[in-house]
Structure formats: C-alpha cells, structure tokens
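Worksheet: one structure, shown below.
Protein chains in written order, with the UniProt record's numbering: chain A, 1 to 309; chain B, 1 to 309; chain C, 1 to 309; chain D, 1 to 309.
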C-alpha cells in the first residue's frame with residue numbers, strides 16, 4: 001500500500017474501528033485517580049495527522065481526554081527547545097526496566113532518573129522548564145493550542161485536583177531527587193506543575209496534530225524550527241525504548257514505532273516523516289497501556305507495513 | 001566493685017574524663033546540618049543518674065546540646081504509654097542492617113519501617129503520637145522537664161530551623177510511607193514535629209535523669225507507672241539491637257548495654273535497674289556515633305563489669 | 001532466686017518442660033530439606049550446663065539432632081582461635097535486617113557478608129578455616145567431641161546429602177563472593193564443608209556443654225584458653241544481635257541473652273559466666289526459630305531473672 | 001540514495017573505513033577475560049550482506065574474532081525454532097535498565113530474567129536448548145557454518161577456557177535461577193555450553209551472512225523457513241530494545257536499528273528486509289559497546305537514511 005494514500009489509510013482506520021472499537025471492552029480503567037476511574041472502557045477513537053496538518057479519524061476521535069503521560073513528550077520537546085543539552089546532565093536516556101515509579105532505582109542512580117518518561121524523569125524536565133518560565137504549564141498549553149489549531153484546549157481542573165490528592169509517591173520521588181541536589185525548585189511547586197500538565201484535555205485529533213513537531217523532525221506546524229533534527233531523532237528514540245512504561249519491548253514488537261502512552265488510555269505514535277497517530281480507549285492492561293489502543297496500533301502497522309521491523 | 005557505690009562510680013567517671021575527655025579530639029562533627037557543624041569535637045561531658053534521681057557527672061555534664069535521635073527513645077516511650085500495642089502494626093522491632101535512612105528497605109517492606117529508631121520509624125511514632133495530641137513536641141518537652149527536674153528546658157529553634165531546611169530525605173521517607181497508607185497525618189505536619197522533637201536541648205545530667213523511666217522498668221520519677229514492665233523491657237531490647245544506627249553490633253560488643261546515640265554527639269545508655277548514663281562529645285565516627293562517647297561507655301562497662309557479656 | 005542453685009534451676013527446667021513441652025505443638029518443621037521435614041514438632045528437650053561441665057536436663061535432652069546453624073557459632077570460635085583478626089577483613093559484625101540468604105545485600109556490600117551467622121558469612125568463615133586445615137569439619141567435630149565429652153558424636157550423612165542436594169541458593173552466594181574475590185577456595189569445596197558442619201548430630205546436653213567455651217569467656221573444658229576474653233565477648237555480642245535470623249530484636253526482647261538458633265529446632269543460649277542452655281523442638285515460626293524453644297527460653301529468663309533487661 | 005545500490009553502499013563503507021577505521025583508537029579492550037585483553041583497539045572491519053548472500057566489506061572484514069554476546073541472537077533464534085513459545089515462560093522480553101549481570105533484578109523478579117540478552121536470560125536460553133539437544137553449541141556452530149557458508153568456523157578453545165576460569169558471576173546467576181526452579185539442567189553443564197557458544201570465532205563477513213536469517217524475516221540461507229515472520233519480528237524488537245547492554249537508548253538514537261554487541265568489539269545490526277551489517281573493533285566504551293563500531297553504524301545509517309527515525 002502506498003503509505004501516504006489518504007483514502008487507503010482512512011480505509012485502514014475504519015477497519016480497525018470496526019474490529020477493535022467494537023470488540024468486548026478489555027482491560028480495566030486506571031483506578032488510582034478517582035476521576036479516571038469513572039471512564040468507560042468501551043470507548044474508542046483514533047486519528048492520523050499528516051505533516052501538513054490534514055487529519056483523518058474514526059470513532060470518538062474528537063472526544064477530549066486528559067492526556068496524562070503523553071504530556072511527557074511535549075514537556076521533553078519544550079525542555080530541549082528552551083534549555084538544550086543541559087537537560088541531559090539531570091536525566092538519562094535509557095529504559096528503566098522497573099515499575100515506572102520505583103524509588104529503588106532512583107536511589108541506586110543517586111537521584112538521576114533513567115529517562116524523561118518515568119515519573120522522576122518528568123519531574124526533572126518540569127524543574128528544568130521552571131528555569132525557563134515560571135508558567136511551564138501555560139507554556140505547554142499555548143504550544144499545544146497552536147500546534148493542534150485548537151485555541152480552546154485547556155486543563156481539566158478536576159483531574160488535576162484529583163491527582164494532586166494522590167501525589168505521595170511522586171512527592172517521595174521529588175524529595176529524594178531534591179536530597180541528591182537534582183531539583184532546584186521547591187518540590188511542591190514542581191509537583192504542582194507536573195500534575196497540571198498531565199491534566200491537559202485533548203482529543204485524538206488534537207494530539208495527532210500536536211505530535212507533528214516530532215514527525216516533522218523538529219519543525220512546528222507553521223514551518224519554523226523548534227528542535228534540531230538530532231533532538232527530534234532523540235525524542236523518537238526515547239519514545240521507542242521508554243514510551244510504554246514497563247512494556248517497551250512489547251510495544252516495539254507489536255507496534256514497532258516510537259510512541260507514548262498515558263493512563264487515561266491514550267497512545268500517541270509517530271511514523272517519522274510520514275504521519276502521527278493517536279488512539280484512545282480507557283481500558284488498560286496490567287502495565288498501564290490501553291488494550292484496544294495497542295491492538296489498534298498493532299493492526300495499523302501490520303496492515304500498512306510502516307512498522308520498523 | 002559494688003555496682004551502686006557512688007564514690008567508686010564517681011571515681012570511674014573521673015578516670016574516664018581524664019583519659020577520654022582529654023584525648024586528642026577524634027571524629028568529625030555532623031556536617032549535614034549547618035548548626036551542628038559548628039560544634040567543637042574536643043568537648044566532653046558524662047553523667048550517671050541513679051533510680052532515685054541522684055546524679056553525678058564529670059566534664060561538661062551540665063552543658064546543653066540538642067538531643068537529636070536520643071529523642072526517639074522518649075517518643076517511643078510516650079507512644080507506647082499513650083497508644084500501646086497499636087504502634088507495632090505500623091513499625092517493626094528488628095535491626096535494619098542498612099544506612100539509617102534507606103528508602104530501598106522501606107519500599108521492600110511496603111512502607112513499614114523496621115524499627116522506631118530509624119528515621120522512617122520515628123516518623124511513624126510521631127504520626128502515632130499525633131493521634132493522641134496535636135502537640136506531641138510539647139508533650140515530650142513537658143515530660144522531659146518533669147522527669148529531669150529542669151522546668152526550663154526547651155527547643156533550640158535555630159537547630160529546628162536548620163534541620164527543617166535539610167529535610168528532603170526525610171520528606172521522601174514520609175511521602176513514601178503515606179503512599180503505602182502508613183502515615184495518617186499530613187506529611188509536612190509529621191515532619192514539623194519530628195524535626196522539632198530532635199531539637200530539644202538537654203544536658204547529660206538531664207538526659208540521664210529523664211532516661212530513668214526506662215531504667216526503673218517503666219516507673220516515672222514520681223513513682224507512678226508510665227509503661228508496663230514488658231514495654232520497658234521492649235524499649236531496652238530495641239535500644240540494644242537498633243540504638244546505634246548501623247553499628248548496633250559494635251555497640252553491643254563495646255558497650256554491651258541498651259543505648260541510643262544522636263548526631264549531636266550524645267549517647268544515652270541504660271543499666272536496667274541500676275542507673276542511666278549519658279555521655280556527650282560532638283566528634284562522630286563514620287556511622288554517626290560519638291567517638292569519645294563510645295570510648296567512654298566502653299571503659300565504663302569494662303571497669304564496672306556492668307556489661308551484658 | 002540464687003542463679004547458680006542447681007536444685008532451683010532444675011525445678012525451673014521441669015516447670016518449663018511441663019508447660020512448654022506438653023503444649024500443643026506449634027509451628028511447622030523446616031521443609032526445604034526433606035530429612036528435616038520428617039521431624040515431629042511435638043518433641044522437646046532442654047539442658048543447662050554449668051561452667052564446670054555439670055549438666056542437668058529435661059525432656060529429650062539426650063536425643064541427638066543435626067545442629068544446623070548452631071554450628072556457625074563453633075565455626076566462628078574456631079576461626080577466631082586459628083585465624084584471629086584476619087577474619088574481620090572478610091565478614092562484618094552487624095545485624096543484616098534482611099532474610100538470611102539475600103543476595104541483594106551481599107551485592108550491595110560488594111561481597112562482604114554482614115555477619116558470620118548469615119549463610120554468606122558462614123561461607124566466609126568456612127573458607128577462612130580452610131586456610132588453617134583442609135579438614136575443617138573434622139576439626140570442628142573433634143573439638144565438639146572433646147568439649148562435650150562425647151567421643152562418638154559425628155555427622156549425619158543423610159542430612160548432609162539432603163542439604164547438598166538443595167544447595168543452589170548457597171552456591172549463588174558462594175559464587176557471588178568468589179566473584180568479588182572474597183572466597184579463596186573453590187566454591188564447591190567451601191559448600192561441601194559448610195553443609196557437612198551443619199550436619200553434626202548432637203543432643204541438648206552436648207550442645208550445652210560444648211557452648212561452655214563461650215560461657216567461660218574463652219576457656220575450654222580442660223581449662224586451657226582458646227579465645228581471648230575480648231574474642232569471647234565478641235562472639236556473645238554477635239549472638240545477641242545476629243543469632244536469630246531476622247528475629248534478633250524479638251529474641252533480645254523475649255530471651256535477652258546471646259543465642260543461636262538452627263532450622264532443626266535447636267537454640268543455644270549463653271548466660272556469660274554462669275551457664276549455657278540448649279533447647280530443642282522442631283516446630284519453627286515463620287522466621288525459622290523454634291516456637292517451643294523461644295517460649296522455653298523466655299520462661300527461663302523471666303523466672304530466673306537472668307535476662308539482660 | 002537507493003538503499004540497495006551495491007556500488008553506493010560499498011562507497012559508504014569505504015568512507016566509513018577511511019574515517020572511523022583510521023581514527024585514533026578509542027575505548028579500552030575488555031579486560032575481565034585475559035585473552036580478550038590482548039586485542040588491539042586499532043583494528044577495524046565492517047561487512048554488509050544482502051539477503052541473497054552477496055557480501056561486501058572493508059578493513060579486516062575477514063578477520064575472525066570470538067563473537068561473544070552476538071551469539072545470544074543465534075541462541076535465541078535456535079531456541080525459538082526448536083522450542084517455540086515455551087521459552088517465554090522462563091525469560092521476559094523487556095529491557096533491563098541495570099548493569100547486564102545484576103543479581104538484584106533477578107532476585108526481584110524471582111529468577112525470571114528480563115530478556116534473553118542479559119547473561120541470566122542467555123543461561124535460560126541455553127537451558128532451553130539443552131531440552132532439544134545435549135550438544136547445543138555444536139547445533140549452533142553447524143547452523144552458523146551453513147548460514148555463513150564457512151564450513152571451517154569453530155570454537156576458540158583458548159577463549160572458552162579463559163572465560164570458564166572467570167565464570168563466578170554467571171555461576172551465581174545460574175544457581176540463583178536454579179534455586180527459583182528456572183534451570184532444569186545442572187548449572188555447571190549450562191555454564192559450560194554458555195561459555196562455549198560465546199567462543200565461536202567468526203569474521204564480520206560470516207556474522208553478516210549468518211544474521212541473514214533475521215533480515216529475511218525467518219528464512220534460512222537455503223530459503224527454508226526457520227522462524228515464523230512473527231518470531232523474526234520479535235527477535236528484531238528484542239535487539240532494538242535490549243541489544244546494547246545498558247545503552248539501548250543510545251543505540252536506538254545513534255544507530256536506530258536492531259542490533260547486538262559483544263565484548264570482543266563486534267556489533268551485528270539488521271535492516272529488516274534489506275541487509276545485515278557487522279562491524280568489529282575491540283575498543284569498548286564504559287558500557288561494553290565498540291566505540292568505533294557504534295560510530296561506524298551511526299555514520300552508515302545517517303548516510304544511507306536507513307535508520308528507523
């Protein structure tokens with residue numbers, strides 16, 4: 001199949017929606033945050049954005065959900081854009097091989113998180129962004145508005161509040177990093193912004209368009225360069241090896257693309273140079289990845305042949 | 001030597017002061033808290049209190065210092081007195097075998113600290129006391145005033161402030177415990193009281209007298225019973241096996257008595273039924289115990305034969 | 001009670017045998033070694049040996065059992081006697097705070113076991129003895145024969161074979177230590193002798209008499225000095241803080257004496273200068289200590305007042 | 001550049017050889033095995049094999065070296081071919097995030113190695129192959145002879161002997177797995193075959209040709225199917241996420257291909273469906289990957305655009 005044939009790709013998305021989207025809902029919704037626990041695992045949406053911004057989609061592809069850990073990709077992009085190489089003195093770029101919030105590894109590594117997509121690493125990214133602006137969440141929101149062309153997208157305050165009330169594990173990570181001298185701003189401030197950025201509400205369509213900055217190797221929607229080609233490649237490599245919590249190997253096998261999942265059931269995936277995908281369905285497997293989302297991406301890469309392997 | 005012969009014991013203390021107290025100062029003062037780093041390692045004091053309150057001492061036995069972790073013994077005593085067996089659902093009674101503030105072990109044990117004398121365990125004790133009173137530090141201070149007969153003893157606010165500014169490691173412990181459901185009060189509140197109780201200023205004389213409650217198997221200075229005989233024995237056993245950070249074995253060998261040390265250089269030791277000792281000298285060994293203090297207690301038990309072994 | 005009154009002590013032992021020895025058997029027998037799993041948890045024996053070798057006992061105090069980890073005390077005594085301080089460059093003297101065979105701690109401590117009573121530490125002791133003799137088990141057996149006055153005591157080959165067939169965990173410990181350069185002899189050789197020494201068969205009477213070398217502060221049964229007084233004190237301190245697997249604190253509280261337990265249900269305890277105790281009953285608690293044995297020692301120290309506390 | 005243009009690809013290889021191959025040698029040779037420590041870090045060779053077996057190369061591309069951990073790919077291929085899905089009950093497929101031989105993680109995961117490319121995982125693969133044949137090394141050697149068309153390739157006995165003499169860490173891993181019931185054959189037997197398979201001597205040319213089975217999605221050199229397409233994809237995914245020890249993220253970023261490195265300085269990389277690469281240069285970085293090899297592959301994918309990203 002010619003990989004950029006819009007009609008063919010739309011046919012693929014429709015076939016996926018008809019099988020995956022109508023299957024018996026699988027997995028269970030995230031339960032550690034009350035607001036997320038209310039989600040319906042039967043819901044499903046999927047979108048595909050081309051580099052020029054054209055977007056196609058199926059199912060509830062215009063329904064907004066809190067993007068949760070998908071925001072870690074955008075935070076990383078912004079930190080690289082505004083702070084550059086300095087970030088890598090504070091956070092590694094290797095997969096972690098442990099449950100995503102383990103303190104053991106952070107202590108073993110003396111306060112340097114292994115990558116920007118585990119929670120500790122995301123705190124380091126937020127702290128780094130706080131050296132650039134005291135409003136990192138607004139910076140991200142405005143960036144996402146512009147990239148996705150959706151000037152009304154915003155934070156879901158109810159989600160942010162709900163997460164803030166269940167923040168102890170992340171607070172422990174933050175204070176441990178502070179103890180090792182790897183957080184420069186007050187831990188509560190870093191946590192506040194971290195929780196808030198996870199609560200941005202976007203649809204599959206909007207995520208797919210916003211992710212275009214990575215797909216276009218660092219170019220923004222307006223054609224201006226935000227990241228160097230090397231930095232964009234770096235973001236892709238980190239997504240491929242660290243984007244699916246403790247299931248990076250499974251994700252590489254089944255999807256074979258750089259991607260990032262979130263506990264609200266969203267997954268963003270990138271076919272470098274070609275298009276950005278976003279799928280959403282709230283039922284999660286035991287590692288925190290959307291069951292239907294993984295299945296949909298698996299089918300997509302199998303049918304289109306766009307997998308790495 | 002008859003072990004309760006006051007004159008003979010005083011002679012022993014004087015000999016110790018002449019050798020240990022005048023030796024070249026050894027060890028280094030605690031450096032992680034600025035105020036403690038100002039201490040002079042050459043200073044030395046030692047006191048012995050009989051069950052009836054009579055106290056003898058040598059050197060700077062009436063100089064006050066912040067008692068730091070010695071306060072953990074008094075907090076444990078008060079928690080047992082006011083909350084009883086419930087405490088043991090939240091904290092263990094076994095030596096830890098790791099540096100005293102390790103998060104690894106706490107995670108491995110799912111938020112249950114191994115004993116009340118490691119920092120995590122002391123936070124659990126403080127949290128337990130907060131179920132009894134919202135002023136646990138004042139409860140302890142008033143208790144120490146009465147037991148030591150020193151109505152003017154109080155907190156050193158400068159020390160408390162200094163420690164509060166270096167609280168990240170303990171905050172990580174507290175939030176991790178909270179994440180496991182093993183702290184009931186807000187972490188900052190628990191930390192506030194924990195830091196404050198460590199900042200009580202007492203002299204060797206006052207500590208030795210206040211420790212009498214353990215020496216008298218649970219009886220207070222006024223003869224009333226605070227702890228059951230079994231609970232007092234429990235406190236002794238915990239001091240013997242867990243009282244010297246990661247040097248419990250060394251302490252058992254050299255001193256052979258239940259004891260508890262603090263990073264300001266104080267050590268309290270108990271000869272059950274006979275007398276309470278307190279020695280102070282700020283120079284610490286690499287495990288955080290007073291060098292001259294350990295030496296003094298070693299000589300004392302060797303000369304008097306009051307060691308366990 | 002005058003603590004050395006034979007008739008009174010015998011009365012105490014009889015009362016213990018009547019209550020503890022006749023109670024419903026508690027705990028479960030060691031199951032990881034088939035031969036030990038055949039033991040009857042209802043059996044009970046207890047002996048007390050005075051420094052002059054006079055021994056009294058109750059129940060099955062003359063029934064032989066494989067002494068298992070109690071042998072670690074005798075191996076330590078012999079290593080100190082024949083190799084001296086050098087031992088302490090290879091093994092620590094602090095409680096471990098982890099399940100007794102954890103590799104994690106050994107790796108964290110770079111191959112130096114925390115004390116001679118965890119399995120890794122016992123392997124280091126055996127390796128050290130192999131520098132003195134290529135027959136360390138025979139050295140120990142002959143020593144135990146002489147000290148206990150039982151020239152016929154020997155290894156239970158069936159037990160040794162059974163343990164040798166379940167040696168993987170200890171083999172992992174041994175190879176890890178070898179990797180860190182802390183075993184000098186071939187790992188299989190060290191394991192062979194380690195397993196064999198655990199299989200010495202002795203009765204409560206014989207263990208109590210053999211333990212006299214510690215009780216007499218280093219003097220053998222024939223009055224000759226084997227250990228310095230300091231080394232004997234050291235052995236006592238290690239027994240008190242590390243002798244009961246992961247229940248050192250509980251043992252200190254309930255028994256309040258230096259002691260060492262084994263998975264066959266035996267416990268040896270020392271009242272320094274006064275007498276040696278040995279109790280045996282195969283039912284174990286979850287930490288591997290004899291339930292009836294702990295109970296018997298608890299009652300003994302409570303009734304005689306010989307506890308530390 | 002048309003990616004299958006032989007002349008153009010040869011030009012690329014020559015440019016790489018001229019810059020990388022002639023650069024000041026970087027990194028240090030593996031030192032834990034005496035034989036490997038004798039290697040010259042200035043040596044360099046690189047080969048590219050097309051699916052039809054045609055092979056081009058530069059530098060010392062016909063010099064043989066012991067393939068070390070590259071053999072883990074072939075062992076995995078053979079285990080999947082002969083034992084199938086059963087393998088995955090015993091070993092995971094996720095990156096490890098720890099130094100490649102850590103016992104801590106193996107204990108944490110109860111004896112199930114995280115992937116087949118860490119040493120513990122390779123032991124599980126060898127054990128699995130031992131259920132298929134009692135000569136797994138000969139099976140692999142014969143397979144490699146046929147695939148590479150080099151009937152004379154064989155083991156370097158001197159290397160095997162040298163590694164066998166430094167096997168303690170792997171022996172600890174093996175015994176720990178055996179303790180958890182995850183090795184069925186005697187540990188020494190498994191270790192023997194593991195060490196031997198690492199000592200196969202091959203040239204870049206031979207490795208590149210032998211790797212064709214993965215590149216051709218499971219088809220052998222003679223066109224017969226060895227692995228299903230899914231299993232071949234699985235091998236690729238594991239190489240991409242786990243093939244470079246603790247530098248999987250760095251490898252993904254710089255090379256962007258499935259690959260596997262060995263401590264003798266070889267790296268095999270796969271461009272699925274297109275060609276197999278092998279580069280060799282003994283100077284290693286601190287994570288055990290060839291410095292010049294990584295550099296060469298980085299330049300190759302940059303110049304040809306065959307990277308994933």
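Quick reminder that beta carbons are idealized off the backbone N, C-alpha and C, glycines included. Bear in mind the structure is a predicted one, so any value in this text is a computation, not a measurement.
Would you check if the distance between the CB atom of residue i and the CB atom of residue j is smaller than 8 Å?
{"i": "residue 44 (chain A)", "j": "residue 60 (chain A)", "result": "yes"}
{"i": "residue 257 (chain D)", "j": "residue 174 (chain D)", "result": "no"}
{"i": "residue 252 (chain B)", "j": "residue 277 (chain C)", "result": "no"}
{"i": "residue 155 (chain A)", "j": "residue 200 (chain A)", "result": "yes"}
{"i": "residue 20 (chain C)", "j": "residue 299 (chain C)", "result": "yes"}
{"i": "residue 92 (chain D)", "j": "residue 94 (chain A)", "result": "no"}
{"i": "residue 48 (chain C)", "j": "residue 79 (chain C)", "result": "no"}
{"i": "residue 237 (chain D)", "j": "residue 287 (chain D)", "result": "no"}
{"i": "residue 261 (chain D)", "j": "residue 289 (chain D)", "result": "yes"}
{"i": "residue 17 (chain B)", "j": "residue 283 (chain B)", "result": "no"}
{"i": "residue 96 (chain B)", "j": "residue 11 (chain C)", "result": "no"}
{"i": "residue 195 (chain D)", "j": "residue 160 (chain D)", "result": "yes"}
{"i": "residue 158 (chain D)", "j": "residue 151 (chain D)", "result": "no"}
{"i": "residue 136 (chain D)", "j": "residue 215 (chain D)", "result": "no"}
{"i": "residue 280 (chain C)", "j": "residue 293 (chain C)", "result": "yes"}
Assuming the contact rule is C-beta atoms closer than 8 Å, residue i and residue j should be a hit. Round their C-beta distance to whole Å, please.
{"i": "residue 140 (chain C)", "j": "residue 197 (chain C)", "result": "6 Å"}
{"i": "residue 127 (chain D)", "j": "residue 184 (chain D)", "result": "6 Å"}
{"i": "residue 33 (chain B)", "j": "residue 268 (chain B)", "result": "Going by Cβ atoms, the distance from residue 33 (chain B) to residue 268 (chain B) rounds to 20 Å, so no, they are not a contact pair."}
{"i": "residue 264 (chain B)", "j": "residue 65 (chain B)", "result": "5 Å"}
{"i": "residue 35 (chain C)", "j": "residue 162 (chain C)", "result": "4 Å"}
Among the residues of its own chain, which have a CB less than 7 Å from the CB of residue i, if the five just before and after it don't count?
{"i": "residue 218 (chain A)", "result": "225, 226, 227, 228, 229, 231, 232"}
{"i": "residue 309 (chain C)", "result": "256"}
{"i": "residue 295 (chain A)", "result": "20"}
{"i": "residue 90 (chain B)", "result": "112, 124, 128, 182"}
{"i": "residue 37 (chain B)", "result": "29, 30, 31"}
{"i": "residue 120 (chain B)", "result": "106, 113, 173, 177"}
{"i": "residue 171 (chain A)", "result": "187, 191"}
{"i": "residue 103 (chain C)", "result": "172, 173, 176"}
{"i": "residue 42 (chain B)", "result": "25"}
Might you give, ordered along the chain, the residues of its own chain that have their beta carbon closer than 8 Å to the beta carbon of residue i, omitting 5 neighbours on each side?
{"i": "residue 213 (chain D)", "result": "77, 147, 219, 220, 221, 226, 227, 232"}
{"i": "residue 331 (chain B)", "result": "Only positions 1 to 309 of chain B appear in the structure, and residue 331 (chain B) is not among them; the question remains open."}
Note down, in chain order, each residue of its chain lying with its Cβ closer than 6 Å to the Cβ of residue i, except the 5 sequence neighbours on either side.
{"i": "residue 111 (chain D)", "result": "177, 180, 182"}
{"i": "residue 56 (chain C)", "result": "10, 48"}
{"i": "residue 72 (chain B)", "result": "117, 122"}
{"i": "residue 133 (chain A)", "result": "139"}
{"i": "residue 303 (chain D)", "result": "12"}
DSSP has residue i in a bridge; who is on the other side?
{"i": "residue 280 (chain A)", "result": "A:45, A:266"}
{"i": "residue 202 (chain D)", "result": "D:65"}
{"i": "residue 275 (chain B)", "result": "B:271"}
Report the residues of the stretch 67-100 of chain B with a CB closer than 8 Å to any CB of chain C, ordered along the chain. Contact residues of the stretch 67-100 of chain B toward chain C are 92, 93, 94, 95, 96, 97, 98 (C-beta to C-beta distance below 8 Å).
Contact set between the stretch 114-143 of chain C and chain B, restricted to residues whose Cβ is under 8 Å from the partner: Residues of the stretch 114-143 of chain C with a C-beta atom less than 8 Å from some C-beta of chain B are 114, 115, listed in chain order.
Given a limit of 7 Å on CB to CB distance, which residues of the stretch 153-175 of chain D reach chain C? 168, 169, 171, 172, 175
Taking Cβ-Cβ distances below 8 Å as the criterion, which residues of the stretch 274-300 of chain D are in contact with chain C? none
Using Cβ-Cβ distances below 9 Å, what residues of the stretch 33-49 of chain D are close to chain C? none
Interface positions of the stretch 241-253 of chain D facing chain A (Cβ-Cβ less than 8 Å), listed along the chain: 241, 242, 246, 247, 248, 249, 250, 252, 253
Please identify, using Cβ separations under 7 Å, the residues of the stretch 101-112 of chain D that lie next to chain C, in order along the chain. 103, 104, 107
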